[in-house]
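In what follows, a structure is listed as structure tokens, so that the remarks can point back to it.
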Amino acid sequence: MEATKILPVLKKKLAFLSGGKDRRSGLILTIPLCTEQTSMEELSATLDYLLGIPSEKCKARGFTVIVDGRKSQWNIVKTVVLMLQNVIPAEVSLVCVVKPDEFWDKKVTHFCFWKEKDRLGFEVILVSANKLTRYIEPCQLTDEFGGSLVYDHLDWLNKRLVFEKFTKESTSLLDELTGINENEKGSQAEKDRSSESNILPSFDPETVLQTGHELLSELQQRRFNGSEGGGGGTAWSPMDDELLAQPQVMKLLDSLREQYTKYQEVCRQRSKRSQLEEIQTKVMQVVNWLEGPGTEQLRTQWGIGDSIRASQALQQKHEEIESQHSEWFAVYVELNQQIAALLSAGDEEDLMELKGLQQQLSDVCYRQASQLEFRQNVLQSAHEFHMTAQDMSQQLDGLLGMLCADVAPADGAAIQQTLKHLEEKLKSVEGALQSLREKGQVLLDQMSTQTSFSYGKDVSIENKENIDHIHSVMEDMQLRKQRCEDMVEVRRLKMLQMVQLFKCEEDASQAVEWLGELLDALLKTHIRLGDDSQETKVLLEKHKKFVDVAQSTYDYGRQLLQATVVLCQSLRCTTRSSGDTLPRLNRVWKQFTVTSDERQHRLEMASAFHTAAEKILRESPELAEQMVDVEAYEEVETVGKGLLDRLTVPVIFPDGSEQFFGSPGDMASSAEIIRERMKLQIFYLPQTNFTHLSVNF
339 MEATKILPVL KKKLAFLSGG KDRRSGLILT IPLCTEQTSM EELSATLDYL LGIPSEKCKA
399 RGFTVIVDGR KSQWNIVKTV VLMLQNVIPA EVSLVCVVKP DEFWDKKVTH FCFWKEKDRL
459 GFEVILVSAN KLTRYIEPCQ LTDEFGGSLV YDHLDWLNKR LVFEKFTKES TSLLDELTGI
519 NENEKGSQAE KDRSSESNIL PSFDPETVLQ TGHELLSELQ QRRFNGSEGG GGGTAWSPMD
579 DELLAQPQVM KLLDSLREQY TKYQEVCRQR SKRSQLEEIQ TKVMQVVNWL EGPGTEQLRT
639 QWGIGDSIRA SQALQQKHEE IESQHSEWFA VYVELNQQIA ALLSAGDEED LMELKGLQQQ
699 LSDVCYRQAS QLEFRQNVLQ SAHEFHMTAQ DMSQQLDGLL GMLCADVAPA DGAAIQQTLK
759 HLEEKLKSVE GALQSLREKG QVLLDQMSTQ TSFSYGKDVS IENKENIDHI HSVMEDMQLR
819 KQRCEDMVEV RRLKMLQMVQ LFKCEEDASQ AVEWLGELLD ALLKTHIRLG DDSQETKVLL
879 EKHKKFVDVA QSTYDYGRQL LQATVVLCQS LRCTTRSSGD TLPRLNRVWK QFTVTSDERQ
939 HRLEMASAFH TAAEKILRES PELAEQMVDV EAYEEVETVG KGLLDRLTVP VIFPDGSEQF
999 FGSPGDMASS AEIIRERMKL QIFYLPQTNF THLSVNF
């Protein structure tokens, strides 16, 4: 019977075991009757519960029952005594009925318990409270009987509840732990079945053990204090080893500790096995995903795109794939750490399996990581290839735009600047093409090594498309560059022709300027006619050479202007012509021709004048005695007068303009020389012939 089932009855304290003992070491059972009617059923239940507490050894020594009837009626006392015969006849050695003073004297005579000893099976005595010490030591009596034994019924009841709770829980827990431990010793199939079942016991072993230790400590403390004798402090209580079976508590604790230790080992083994199985499961999850969906994702990603936007889209898709793989790689890192921890503290039997799992996981993860890195490198190379191709395409478009634009340079310097710009553009395109080839070759090399990363799939068809695209782009750029080079060469030739055109026009203008300078020099510096015939002849020779130089300059200008016409026709510059250069050249040349002819004529007249005059001078000494030829003098006079008249006449150009040789002073000086020469001729004439001359000086 459990105290919890009759707890309200036990709280009424209808009977109790105080822990006291009689002189025979038998337990003292106290039944304190009260003025109220006592329920025999409740009293019987209480007695049944109390008598179930002591051990059989303790029961064999018998009980001394104290029936406190001082506050009760005789008939109730008698009923209780008779009830003891039915409840515990064999265990009762003595029943002490504590009577009230002089109250039952007459009634006792009618019912003598001692006469009923044989029928009752125990001795019954009526005794006053102060006479109980004749049968029981005072230290074994509670204070209501004048004893010194301290008894707290509620405290006892609480401890009893704790004991029964511990006994119940520990017994149940012990059975559960024993069953779990026994199952663990069975076959592997039984282990698997037991592992699937609930391994957790109904009660927390730590809590139950703590309760037991606290209970045992309390029992031992009470026993120690009780052994000091009946003095102060906690007296002997019914919670000793005889009432609560302290050895039973110790035995339960020992058994519980033993089974709990085994249970902890079982849990450790199961936890290790469960952890190993969990690791196996997670490893297979990682391996299956990487070799399944993860590999399938990479199998579908083999292209390199045909533009920057397409390669960027592929890179974005690859980043999404990498993000999904990162989650599984994080699981791999965690599993690797767990496996490393198990390897450092694992058993010999688990090492091979753990190392195998670790190796399998590492191989799959590293292989997948290598495939991801390879794919990323391919996409990066493809992106750089497309960027270089686009940059080169833009450069070619810009160069083609320059080549297709009309050329209208202002001068040769502008043409040279344009040619330099074209050369720089072409050089930049050449560099871009070289870079494109290098990046294309890197990409082709990567394509050639992709076979080892083909995930068990034939990627030759896909690679062929990628390789063909790479070659196509490079060939297209090469052709476009070649066309631009050809156009640049044509433009260079055209530019050089334009340079020649500008040079011819510039030189033609220069020839006009030179011819103008020759004309100006002829008019301003070529004014001397010579002092004699020899000097005049020299001046005539110089004049011819001077005219030859002017003729060469004019011819050179004409040739340059003819070359400009040819170049304009070649360049199809219909809107461009020589302008006013040719009219200016012709105009200056005509002016020079008129002037040079006039200069030629004057020099010739001067030569004739000096020759005639010098002839007279040579012949005059030889003809001193003879008559001088007057006609010779008249010829000199005529030529001289004609020359003087010529000096006063300006040069009239075709456009009607006029220009004199030299300055008026120069002209006067030349005329003075001629007059002086004519005077000298007259000096040699005979005086008789002066009348025939009509020269006016």
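Plus 338 on top of the position in the sequence shown (first one is 1) and you've got my numbering.
Cβ coordinates follow ideal geometry from the N, Cα and C atoms, glycine included.
Since the model is a prediction, treat every value here as computed from it, not as a measurement.
Classify residue i: buried if its beta carbon has 16 or more other beta carbons within 10 angstroms, exposed otherwise.
{"i": "aspartate 869", "result": "exposed"}
{"i": "methionine 339", "result": "exposed"}
{"i": "glutamine 709", "result": "buried"}
{"i": "alanine 1006", "result": "exposed"}
{"i": "isoleucine 642", "result": "buried"}
{"i": "glutamate 522", "result": "buried"}
{"i": "glutamine 964", "result": "Caution is warranted here: a pLDDT of 47 is assigned to glutamine 964, below 50, making its placement in the model unreliable, and the coordinate value is therefore given only provisionally. The residue in question, glutamine 964, is exposed, as its Cβ has fewer than 16 Cβ neighbours within 10 Å."}
{"i": "aspartate 701", "result": "exposed"}
{"i": "threonine 281", "result": "With the chain represented from 339 up to 1035, any question about residue 281 goes unanswered, as that position is not in the structure."}
{"i": "glutamine 706", "result": "buried"}
{"i": "aspartate 893", "result": "exposed"}
{"i": "histidine 721", "result": "buried"}
{"i": "serine 1008", "result": "buried"}
{"i": "cysteine 742", "result": "exposed"}
{"i": "isoleucine 404", "result": "buried"}
{"i": "isoleucine 391", "result": "buried"}
Contact check, residue i vs residue j under 8 Å by CB: the rounded distance?
{"i": "alanine 341", "j": "glutamate 502", "result": "6 Å"}
{"i": "glutamate 507", "j": "phenylalanine 541", "result": "5 Å"}
{"i": "phenylalanine 930", "j": "leucine 856", "result": "6 Å"}
{"i": "lysine 862", "j": "glycine 1000", "result": "6 Å"}
{"i": "glutamate 975", "j": "threonine 902", "result": "Incorrect: roughly 55 Å between the Cβ atoms, too far for contact."}
{"i": "glutamine 835", "j": "leucine 905", "result": "6 Å"}
{"i": "leucine 760", "j": "valine 826", "result": "6 Å"}
{"i": "histidine 491", "j": "lysine 351", "result": "5 Å"}
With DSSP run on the structure shown, which of helix, strand or coil describes residue i?
{"i": "cysteine 434", "result": "strand"}
{"i": "leucine 352", "result": "coil"}
{"i": "leucine 681", "result": "helix"}
{"i": "phenylalanine 401", "result": "strand"}
{"i": "leucine 464", "result": "strand"}
{"i": "proline 370", "result": "strand"}
{"i": "glycine 357", "result": "strand"}
{"i": "glutamine 997", "result": "strand"}
{"i": "isoleucine 617", "result": "helix"}
{"i": "leucine 365", "result": "strand"}
{"i": "threonine 480", "result": "strand"}
{"i": "valine 625", "result": "helix"}
{"i": "isoleucine 990", "result": "strand"}
{"i": "glutamate 886", "result": "Before going further, note that residue 886 is aspartate rather than glutamate in the sequence given. The answer is helix: DSSP assigns aspartate 886 an H, G or I state."}
{"i": "leucine 538", "result": "coil"}
{"i": "leucine 487", "result": "strand"}
{"i": "aspartate 783", "result": "helix"}
{"i": "lysine 795", "result": "Annotation note: pLDDT 48 at lysine 795 (below 50); position unreliable, coordinate value reported separately. Coil."}
{"i": "aspartate 406", "result": "strand"}
For residue i, which residues in the same chain have their Cβ closer than 8 Å to its Cβ, ignoring the five residues on either side in sequence?
{"i": "leucine 547", "result": "Leu591, Leu594, Arg595 and Tyr598"}
{"i": "histidine 881", "result": "His864, Ser934, Arg937, Gln938 and Leu941"}
{"i": "valine 621", "result": "Leu673, Leu695, Gln698 and Leu699"}
{"i": "leucine 805", "result": "It is worth fixing the name first, because residue 805 is isoleucine in this sequence and not leucine. Excluding positions up to five away in sequence, the list reads Leu782 and Met785."}
{"i": "glutamate 973", "result": "Ala950"}
{"i": "valine 465", "result": "Cys434, Val435, Val436, Lys437, Arg472 and Tyr473"}
{"i": "leucine 909", "result": "Lys832, Gln835, Met836 and Leu839"}
{"i": "valine 347", "result": "Glu380, Ala383 and Thr384"}
Once the 5 residues before and after residue i are set aside, which same chain residues still bring their CB inside 6 Å of it?
{"i": "leucine 877", "result": "Gly868 and Leu941"}
{"i": "leucine 345", "result": "none"}
{"i": "glutamine 584", "result": "Leu557"}
{"i": "valine 669", "result": "Val624"}
{"i": "glycine 978", "result": "Phe947, Ile1012 and Met1016"}
{"i": "leucine 681", "result": "Leu692"}
Quick check on residue i - is its C-beta less than 8 Å from some C-beta in chain D?
{"i": "leucine 856", "result": "Of the chains in the structure shown, none is chain D; there is only one protein chain."}
Can you list, in chain order, the residues of its chain whose CB lies under 7 Å from that of residue i, leaving out five sequence neighbours each side?
{"i": "valine 850", "result": "Gly895, Thr919, Arg922, Leu923 and Val926"}
{"i": "alanine 727", "result": "Leu774, Val811 and Met815"}
{"i": "phenylalanine 401", "result": "Gly364, Leu365, Leu367, Ile426, Glu429, Val430 and Ser431"}
{"i": "serine 356", "result": "Ile366, Thr368, Thr480, Leu487, Tyr489 and Pro576"}
Is residue i near the ligand GTP, judged by its Cβ being under 7 Å from some heavy atom?
{"i": "glutamine 635", "result": "Summarising the ligand content, the structure contains no ligands, and the ligand GTP is consequently not present."}
Next on the checklist: Would you call the segment 732 to 741 in contact with the segment 658 to 672, where contact means no fewer than 3 C-beta pairs closer than 8 Å?
Outcome noted: Counting Cβ pairs under 8 Å, fewer than three are found: no touch.
Item to check | Three or more C-beta pairs below 8 Å linking the segment 608 to 618 and the segment 550 to 558 | outcome: The segment 608 to 618 makes no contact with the segment 550 to 558; the number of CB pairs closer than 8 Å stays below 3.
Next on the checklist: Quick test of the definition: if touching needs 3 or more C-beta pairs under 8 Å, does the segment 482 to 490 touch the segment 372 to 391?
Outcome noted: Taking a cut-off of 8 Å on C-beta distances, the segment 482 to 490 does not touch the segment 372 to 391, as fewer than three cross pairs fall below it.
Checklist entry - Is it a yes or a no for the segment 845 to 862 touching the segment 761 to 770, going by three-plus beta-carbon pairs under 8 Å? => result Look at the beta carbons and you see the segment 845 to 862 not touching the segment 761 to 770: under three pairs across the two are nearer than 8 Å.
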